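Since the structure comes first, as structure tokens, the remarks are kept for the end.
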Amino acid sequence: DLPGSTANSDAAHEVLRRVFGYDSFRGLQREIVEQVIAGGDALVLMPTGGGKSLCYQIPALVRPGVGVVISPLIALMQDQVDALTALGVRAGFLNSTQFPDERRTVEAQFLAGELDLLYLAPERLGVESTLNLLDRGKVSVFAIDEAHCVSQWGHDFRPHYLALSVLHERWPDVPRIALTATATQKTAAEIAERLDLTRARHFVAGFDRPNIQYRIEPKNRPDQQLLAFITGEHAGEAGIVYCLSRNSVEKTAEFLTRNGVEAVPYHAGLDARVRAANQSRFLREDGLVVVATIAFGMGIDKPDVRFVAHLDLPKSVEGYYQETGRAGRDGLPSTAWMVYGLADVVQQRKLIDSSDGDAAHRRQLQQHLDAMLALCETVECRRTQLLAYFGQRGEPCGNCDTCLNPPESWDGTVAAQKVLSTVLRLKRERSQSFGAGHIIDILLGKSNPKVVQHNHNELKVFGIGADLRDVEWRGAIRQLLAQRLLAVHGEYGVLVLTEASDEVLFSGRKVMLRREPERTKAAKAPRAK
Ligand code: ADP
Ligand code: ZN
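What follows is the structure, given as structure tokens:
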């Protein structure tokens, strides 16, 4: 080692101990900190709870000048500054929520070199006066937190992040460190490109969270399933329940409270004071459940969240990973539990169809959804699949539902052919606008009014699926969607064939399906007709 790097390393350690009170660096922290102190750029991919903050806070304290942290989490800036102040670190922030005189005070401190860290909302950098301010002071390092917000196709895109390339153009000598907890290799490459970090060293921490048990179950009666899960496994413990809509957030919170599980709602439609109060109750109290939309959680540092439950399908594996990652930051056993069903697929598809953006954007969203569905329907270890999504390898983990209770798979080729030929038949009849429920009614041979009205009881396929039950057909259709052998379109969840459907219908392609859990149980008892 060069003498300089030893000195840097000693200085970093000294700050770690003296300021933060920790004995040793964790994981990649030491290498990252040394890279930045030496003036190099870094791109850090590290899971939530991995300890990203120290990666820029320590260089900011060791290098001369003020460390400037770009963060979209305006609501948390005050807390972050307070926490640092308590440690004796001189910190301030600039964002749109401040009064002009507060802002002026912070600016004066920055110019006088009286700050170690300055938190900045990204939109501040679009203001020329901020850029001038930074010119007049001395910046030791730029830290770009939640760097995935620069990814236009990602789930957290913030247009202001695109302007962050200005940092390198205007201050080429100041080292930059970009950090995120959610990035595939592809997103990482996009971040590097957009932030002009092509020469940065990449640091990719292990994404595995071994203390989190992953479980995904078919959705039947979600409220009851959730209640049974919480009371059965996590009674009296803190947890987060994610729902897609504000309405279901409120209903679910009420339902839980009525059934003896203390729960509060959190979504963007609530009064700001109620929201803040619920969030701070969640942080302070033991064993409170918060039912929330995904608006909740970014930047929340509560170590003892024992479970994260999803009542609706997340839009992407990144989103799922980030949300479930809020469980078990203290390293103790925790559960990531989810229920999902056919209706989720239809609903997500609807959201994609009605989203802004061009065809390429929609294709991207569809790919995200497909990856999420593949995770839901896998017969292999969930963790292995999750890590593979982030480009990392793993062995079957023994701590997910598919490892603990390996799903049986069965040759579903004939069942798939029945479904697909029904869809094909309806297409030939030029009456293609039917959803899964109608297709299943035809397969089961139910002469209900809608079937009769369209003369679908006269189709050749009518009743050819009596060998399976309704839930099994639903499961089969869900899995055909996940395997892209079937697709869903439009507002009403119309089922349509894909290119790959032909291979099943006409070229003898084999289709393996996973058995629905109910059937395993039901198979023991005589089956009701
Ligand atoms: P992230 O930003 O990656 O989600 P944080 O920076 O908030 O993670 O760190 C998560 C927790 O780990 C914090 O409570 C932090 O104090 C703690 N931590 C970070 N680094 C260390 C370390 N080297 N030794 C002990 N605790 C650490
Ligand atoms: Zn597993």
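Its first residue numbered 190, the sequence shown is counted upward by one per residue in this note's numbering.
Cβ atoms here follow ideal geometry from the backbone N, Cα and C, with glycine treated the same way.
Treat the numbers as computed from the prediction; the structure is a model and nothing was measured.
By the Cβ rule, the region 500-518 counts as touching the region 223-243, because three or more pairs are nearer than 8 Å. If you look at Ala249, you'll find it in the alpha helix (DSSP H) that goes Lys241 to Val251. The nearest non-hydrogen atom of the ligand ADP is less than 6 Å from the C-beta of Tyr211.
Per DSSP, the continuous beta strand (DSSP E) segment holding His678 begins and ends at Leu675 to His678. Between the C-alpha atoms of Glu439 and Pro253 there is a straight-line separation of about 50 Å. Taking a C-beta distance under 7 Å as the contact criterion, Leu686 and Val612 qualify as a contact pair. Rounded to whole angstroms, the separation of the alpha carbons of Leu684 and Ala676 is 6 Å. Counting along the chain, no alpha helix (DSSP H) covers Arg703; the unbroken beta strand (DSSP E) around it starts and ends at Met701 to Arg703.
Relative to the ligand ZN, Pro585 has its C-beta within less than 6 Å of a heavy atom.
Looking at the backbone, the Cα of Ala249 and that of Phe418 are separated by about 45 Å.
By the C-beta density criterion, Thr387 is exposed, having fewer than 16 other C-beta atoms within 10 angstroms. Between Phe579 and the set Tyr455, Thr376, Ala484 and Phe346, the nearest pair of CA atoms involves Thr376. Shortest Cα-Cα distance from Asp590 to any of Gly601, Gln574, Ser437 and Tyr245 involves Gln574.
Rounded to the nearest whole angstrom, the CA to CA distance from Ser329 to Ala394 is 25 Å.
Residue Met527 holds the alpha-carbon nearest to the alpha-carbon of Lys408 among Met527, Lys504, Ala264 and Arg571. Annotation: His557 to Phe485 spans about 21 Å, alpha carbon to alpha carbon. Straight-line measurement puts the Cα of Pro503 at about 33 Å from the Cα of Lys635.
Beta-bridge annotation (DSSP): Ala525 is paired with Tyr403 and Val497. Look at Phe214: its beta carbon is less than 6 Å from one of the heavy atoms in the ligand ADP. Counting along the chain, the unbroken alpha helix (DSSP H) around Val438 starts and ends at Arg435 to Arg447. Straight across, the Cα-Cα distance linking Asp691 with His344 is about 33 Å. Lys616 and Gly520 have their C-alpha atoms spaced approximately 53 Å apart. Taken atom to atom, the span from the alpha-carbon of Leu459 to that of Asn436 is near 11 Å. In the structure shown, Val683 adopts extended strand secondary structure according to DSSP, grouped into three states. By the beta-carbon neighbour count (other beta carbons within 10 angstroms, threshold 16), Asn284 is buried. Distance between Leu648 and Val603, taken at the CA atoms: about 18 Å. Within the same chain, Cβ atoms closer than 6 Å to the Cβ of Leu273 are found at Ala280, the five residues on either side in sequence being excluded. Using a 10 angstroms sphere on the CB of Pro311, the tally of other CB atoms reaches 16 or more, which defines it as buried. In this structure, the alpha-carbon of Glu422 lies about 18 Å from that of Thr441. With fewer than 16 other CB atoms across the displayed protein chains lying within 10 angstroms of its CB, Thr195 is exposed. In this structure, the straight-line span from the alpha carbon of Gly664 to that of His627 is close to 15 Å. In the three-state reduction of the DSSP assignment, Gly583 falls in the coil class. Relative to the ligand ADP, the beta carbon of Gly520 is positioned no closer than 6 Å to any heavy atom.
Each residue's CA atom was taken as its position, placing Ala352 and His456 some 29 Å apart. By the Cβ neighbour-count rule, Phe346 is exposed, with fewer than 16 other Cβ atoms within 10 Å of its own. Taking 7 Å as the cut-off, the beta carbon of Gly624 is found no closer than this to the beta carbon of Gly697.
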